[in-house]
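Under full-length UniProt numbering, think of the first position of the sequence shown as 5, with each following residue one higher.
Beta carbons: idealized from backbone N, C-alpha and C, even for Gly.
Predicted model only: the values in this text are computed from it and were never measured.
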Amino acid sequence: HRHLLGIEPLSPTDITALLDRADSYAELNRQPDKHGDALRGLTQINMFFENSTRTQASFEIAGKRLGADVMNMAMQASSIKKGETLIDTAMTLNAMHPDLLVVRHPQSGAVDLLAQKVNCAVLNAGDGRHEHPTQALLDALTIRRAKGRLHRLSIAICGDIAHSRVARSNIMLLGKMENRLRLIGPPTLMPAQIDQFGVEVFDDMEEGLKDVDVVMMLRLQKERMDGGFIPSEREYYHRFGLDAEKLSHAKDDAIVMHPGPMNRGVEIDGTLADDINRSVIQDQVEMGVAVRMAAMDLLARNLRESRAA
Ligand code: CP
5 HRHLLGIEPL
15 SPTDITALLD
25 RADSYAELNR
35 QPDKHGDALR
45 GLTQINMFFE
55 NSTRTQASFE
65 IAGKRLGADV
75 MNMAMQASSI
85 KKGETLIDTA
95 MTLNAMHPDL
105 LVVRHPQSGA
115 VDLLAQKVNC
125 AVLNAGDGRH
135 EHPTQALLDA
145 LTIRRAKGRL
155 HRLSIAICGD
165 IAHSRVARSN
175 IMLLGKMENR
185 LRLIGPPTLM
195 PAQIDQFGVE
205 VFDDMEEGLK
215 DVDVVMMLRL
225 QKERMDGGFI
235 PSEREYYHRF
245 GLDAEKLSHA
255 KDDAIVMHPG
265 PMNRGVEIDG
275 TLADDINRSV
285 IQDQVEMGVA
295 VRMAAMDLLA
305 RNLRESRAA
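The following block contains the structure:
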């Protein structure tokens with residue numbers, strides 16, 4: 005693959021190869037000297053047109069650990085503010101010969117469009133409601149390390165599915181790896197064509213969480229609800245917020261996940277989120293660096309091969 009734009013084009017073999025490499029980077033990241041040289045001599049530009057804490061920080065750390073020259077474009081201070089288009093901005097940066105472009109954009113499809121215009125590898129760091137592939141990969145690595153496998157698990161994805169690129173990428177990845185998926189949330193926050201996903205759908209947490217191995221919570225994405233129905237936070241927490249009582253319906257060793265940023269007391273109880281016996285939320289953040297190192301390493305290999313050919 006030349007780019008990492010989504011989970012959709014990846015095969016189970018691609019996913020396993022990336023996770024295996026990420027596993028070895030996870031070990032490197034725990035050593036006193038965390039440096040590798042897979043990206044030495046390469047230039048990485050991070051372009052975030054939407055806010056980010058985890059994704060931007062981990063892509064920057066990942067690039068630096070592997071020896072790339074990393075530049076974070078401050079999009080708020082860029083000429084986008086003077087009316088320059090996304091494509092003109094990308095072409096301008098492309099003329100400076102970057103090797104890796106990491107892009108987050110509020111519009112679904114914007115990163116794919118940009119990838120068609122530039123001659124470097126593009127990594128999608130989240131586009132609208134479409135895909136967030138490195139998030140799904142880091143979630144997969146976290147599950148594989150916690151459960152010892154990434155197949156035939158029963159996994160519940162809960163909350164605002166309709167507005168979530170994290171849910172879309174995870175449904176695709178976990179489905180490709182032959183897991184049983186359950187989506188739980190209010191019908192107003194389910195995607196319109198839910199039947200095409202091949203999943204079970206519930207609007208009751210107790211019923212949906214019964215005997216699952218993994219509970220993945222999502223944030224209520226109010227910024228994407230543009231004028232539509234926004235549930236009251238109190239009512240939402242009562243019905244769909246994960247607490248110890250609702251979790252008791254899952255398997256005794258079920259793990260709790262959240263991609264962040266989380267709203268404590270809205271979709272998840274703060275004490276449960278901090279309970280290291282159940283919650284793997286900080287492991288997800290740790291695996292985020294390893295997965296982004298692996299993704300950029302593999303794309304850089306392909307880039308070097310195609311340039312040498
Ligand atoms: N999970 C995630 O994408 O977090 P950020 O928006 O902070 O990058």
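>> I'd like to know if the region 95-115 and the region 142-159 are in contact, where contact means that at least 3 CB-CB pairs between them fall below 8 Å.
In response: no
> Hey, is D301's beta-carbon within less than 7 Å of any beta-carbon in chain D?
Replying inline: You won't find chain D in this structure, because it holds only one protein chain.
> Counting only runs that start and end within the region 239-274, where is the alpha helix (DSSP H) found for 4 or more residues in a row?
Replying inline: 248-251
>> Below 6 Å, is the gap between the Cβ of L138 and the nearest heavy atom of the ligand CP?
In response: Per the sequence shown, residue 138 should be read as Thr rather than Leu. T138 Cβ: outside cutoff for every heavy atom of the ligand CP.
>> In the DSSP assignment, the beta strand (DSSP E) including D73 goes from what residue to what residue?
In response: D73 to M77
> For V270, which residues from the same chain have a beta carbon less than 7 Å from its beta carbon, with the 5 sequence-adjacent residues on both sides left out?
Replying inline: L224, E237, Y240, Y241 and G245
>> Per the DSSP calculation, E204 is bridged to which residue(s)?
In response: R186
> Is Q264 near the ligand CP, with its Cβ less than 6 Å from a heavy atom?
Replying inline: Note on identity: in this sequence residue 264 is Gly, with Gln being the wrong assignment. G264 Cβ: within cutoff of the ligand CP.
>> Taking only three categories from DSSP, how would you classify S236?
In response: coil
>> Given a cut-off of 7 Å on the beta-carbon distance, is the pair S252 and V216 in contact?
In response: no
>> On a Cα-Cα basis, can you pick out the residue from Q197, G67 and V203 that is closest to N174?
In response: V203
> Taking the DSSP output, what are the residues bridged to D215?
Replying inline: DSSP lists no partner for D215.
> So, is H155 buried or exposed, given that buried needs 16 or more other C-beta atoms within 10 angstroms?
Replying inline: exposed
> Got a sec: does the ligand CP put a non-hydrogen atom nearer than 6 Å to the Cβ of R172?
Replying inline: no
> Do the CB positions of H7 and A129 come within less than 7 Å of each other?
Replying inline: no
>> At the level of alpha carbons, what is the spacing between Q286 and G87?
In response: 39 Å
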